[in-house]
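> Quick one: structure below, then a few questions.
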Amino acid sequence: MDTKIIGLEQVYPDEYTRDVVLISMYCFEIKKDIAKDCLNIMKNYINSQLYNNYNHLKRCKKTQDHVEILIGLSKDLPENLLNELKKVNNGEDIKIKKINVSKYEPLNKKQYSEWSSYWPTYYRRPTDESSNILTKQQIENHIKFLNISINIGNKFGTCQSGCVLTFNDKIIACSGDNIKNHPLHHSVMLAIEEVAFNLRNIWRFKKNKKMKNCENVTSNLNDNQFFSHKNYSHLDNSLDKKNDHQNADNSELCAINIDRDEQEEERNSKNDNTLENCISNSVISSDQYLCTNYYAYLTHEPCFMCAMAMVHSRVKCVIFDKVNKQNGALFSKGKLHCLKSLNHHFKVYKTVREKC
Numbered sequence: 004m005d006t007k008i009i010g011l012e013q014v015y016p017d018e019y020t021r022d023v024v025l026i027s028m029y030c031f032e033i034k035k036d037i038a039k040d041c042l043n044i045m046k047n048y049i050n051s052q053l054y055n056n057y058n059h060l061k062r063c064k065k066t067q068d069h070v071e072i073l074i075g076l077s078k079d080l081p082e083n084l085l086n087e088l089k090k091v092n093n094g095e096d097i098k099i100k101k102i103n104v105s106k107y108e109p110l111n112k113k114q115y116s117e118w119s120s121y122w123p124t125y126y127r128r129p130t131d132e133s134s135n136i137l138t139k140q141q142i143e144n145h146i147k148f149l150n151i152s153i154n155i156g157n158k159f160g161t162c163q164s165g166c167v168l169t170f171n172d173k174i175i176a177c178s179g180d181n182i183k184n185h186p187l188h189h190s191v192m193l194a195i196e197e198v199a200f201n202l203r204n205i206w207r208f209k210k211n212k213k214m215k216n217c218e219n220v221t222s223n224l225n226d227n228q229f230f231s232h233k234n235y236s237h238l239d240n241s242l243d244k245k246n247d248h249q250n251a252d253n254s255e256l257c258a259i260n261i262d263r264d265e266q267e268e269e270r271n272s273k274n275d276n277t278l279e280n281c282i283s284n285s286v287i288s289s290d291q292y293l294c295t296n297y298y299a300y301l302t303h304e305p306c307f308m309c310a311m312a313m314v315h316s317r318v319k320c321v322i323f324d325k326v327n328k329q330n331g332a333l334f335s336k337g338k339l340h341c342l343k344s345l346n347h348h349f350k351v352y353k354t355v356r357e358k359c
């Protein structure tokens with residue numbers, strides 16, 4: 004029996020949770036009052052040593068009475084720099100020592116706090132940092148849709164897998180899996196197909212409506228053109244009386260056919276109006292590209308096929324419950340959403356359940 008879902012935690016790249024990796028570098032210590040002069044002398048040399056891979060390291064570290072200035076990976080300074088530093092330091096030699104610094108840039112406040120204890124680093128706050136923090140109401144809303152996907156999986160999934168796709172907190176599509184009958188019928192794939200089916204119907208309806216409007220405009224133009232040619236009206240009076248007699252015999256049959264056509268056209272018009280009302284009341288935009296800005300709620304961590312389908316469909320966020328240790332693409336076996344080479348990325352959250 005599964006315990007209650009009590010929260011969500013974001014699935015970050017491995018770099019966000021790794022421990023500090025230290026490498027050896029060199030620095031020299033000088034008095035505070037000459038620190039600025041020494042930095043000006045060393046500035047170009049330090050930048051050439053650190054610019055490409057170690058720009059997250061600060062150039063100096065303050066202690067109680069002194070300042071330590073970072074040199075780089077090599078302790079051997081050019082002779083001209085040593086002479087200039089010695090001159091500024093009242094003729095005394097510069098003492099170079101070995102230190103440990105962080106190899107990588109800190110990506111969160113926890114890493115920044117821990118890694119800066121070895122040597123000061125810069126922390127560049129992510130632009131979307133505040134949006135990653137979910138409010139209590141957001142968490143409750145996500146859990147509500149997760150429970151719906153779990154119920155769908157239990158009732159309709161052959162392997163108890165379910166998927167719910169939402170847009171603006173409205174359910175657009177949902178599906179259980181059909182894996183036991185077809186190996187590719189995962190719940191995610193079936194739900195995305197449902198979205199595509201609905202969009203195809205909307206596009207087809209709008210296309211047909213546009214064509215009908217064009218036909219009506221053409222018909223009206225032809226009618227106007229016919230009635231404008233008044234000098235041809237004498238042709239009606241020159242029709243043979245035989246044709247009048249024949250037309251009179253067929254008038255009743257024509258009236259029946261016209262009546263049937265009018266009824267059929269009225270029924271089609273009502274159906275079109277009903278469909279148009281459904282489309283106008285729908286949260287799906289007519290120019291929507293598949294699942295753009297959709298939230299996906301899954302009972303299980305998706306496989307690589309389903310994860311890539313959500314990338315191609317432009318899903319905004321994926322929230323799943325149970326991990327998929329054998330084939331999970333977002334946590335267990337890989338973190339597909341963290342690959343920088345992909346042209347679309349989405350956020351991923353997994354559930355936190357009460358401990359037994």
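Under my numbering, the letters of the sequence shown match residues 4 to 359, in that order.
All C-beta atoms, glycine included, are put in the ideal place defined by N, C-alpha and C.
1. Assess contact between the stretch 39-54 and the stretch 140-152, defined as three or more Cβ pairs (one per stretch) separated by less than 8 Å. Is contact present?
2. Rounded to a whole number of angstroms, what is the C-alpha to C-alpha distance between residue 199 and residue 76?
3. Check the DSSP bridge columns for residue 356 and list the partner residues they point to.
4. Please name the residue in 291, 338, 62 and 306 whose C-alpha comes closest to that of residue 330.
5. Tell me, which residues are paired with residue 323 by DSSP?
6. Leaving out the 5 sequence neighbours to the left and right, which residues in its chain are closer than 7 Å to residue 19 when beta-carbon positions are compared?
7. Between which two residues does the alpha helix (DSSP H) harbouring residue 39 extend?
8. Alpha carbon to alpha carbon, how far is residue 5 from residue 11? Give it in angstroms, no decimals.
9. What do you get for residue 302, buried or exposed, if any count of 16 or more other CB atoms within 10 angstroms of its CB means buried?
10. If the criterion is Cβ atoms closer than 8 Å, does the pair residue 318 and residue 333 meet it?
11. Give me the Cα-Cα distance between residue 96 and residue 337, rounded to the nearest whole angstrom.
12. If we ignore side chains and look at the alpha-carbon of each, how far apart do residue 348 and residue 341 end up?
13. Evaluate the contact criterion for the stretch 47-62 versus the stretch 141-156: three or more CB pairs, one atom per stretch, below 8 Å.
14. As an exercise, report each continuous alpha helix (DSSP H) stretch of at least 4 residues that is fully enclosed by the stretch 78-125, in chain order.
15. Using DSSP with H/G/I as helix, E/B as strand and the rest coil, what is residue 13?
16. Short of 7 Å in beta carbon distance, which residues of its chain neighbour residue 181, apart from the five on each side in sequence? Order them along the chain.
17. Mapping the DSSP letters down to three states, classify residue 75 as helix, strand or coil.
18. According to the neighbour-count rule (16 or more other Cβ atoms, all chains shown, within 10 Å of its Cβ), is residue 94 buried or exposed?
19. So who's on the other strand from residue 69, going by DSSP bridges?
20. Can you name, in chain order, every residue of its own chain whose Cβ lies under 7 Å from the Cβ of residue 118, other than the five neighbours on each side?
21. What residues match up with residue 29 in a beta bridge as DSSP calls it?
22. Could you tell me which residues DSSP pairs with residue 170 in its beta bridges?
23. Which residue from 128, 101, 129 and 135 puts its Cα closest to that of residue 121?
24. Residue 357: buried (16+ other C-beta within 10 angstroms of its C-beta) or exposed?
25. For residue 158, which of helix, strand or coil comes out of DSSP?
Let me spell this out:
1. The stretch 39-54, when compared against the stretch 140-152, does not touch it at the 8 Å Cβ threshold.
2. Cα-Cα distance, rounded: 56 Å.
3. 8
4. Ranking the options by Cα distance to residue 330, first place goes to 306.
5. 301 and 353
6. Closer than 7 Å at the Cβ level, and outside the excluded window around residue 19, lie 110 and 111.
7. 38-53
8. 16 Å
9. buried
10. no
11. Between the alpha carbons of residue 96 and residue 337 lies a distance of about 53 Å.
12. 7 Å
13. Contact check between the stretch 47-62 and the stretch 141-156: fewer than three CB pairs, one atom from each, fall below 8 Å, which does not count as touching.
14. 82-91 and 112-118
15. strand
16. For residue 181, where only same-chain residues beyond five positions count, the Cβ hits under 7 Å are 161, 188 and 193.
17. DSSP places residue 75 in strand when its eight states are reduced to three.
18. exposed
19. 34
20. 23, 105, 109 and 124
21. 75 and 101
22. Answer is 173, bridged to residue 170.
23. Ranking the options by Cα distance to residue 121, first place goes to 101.
24. exposed
25. helix
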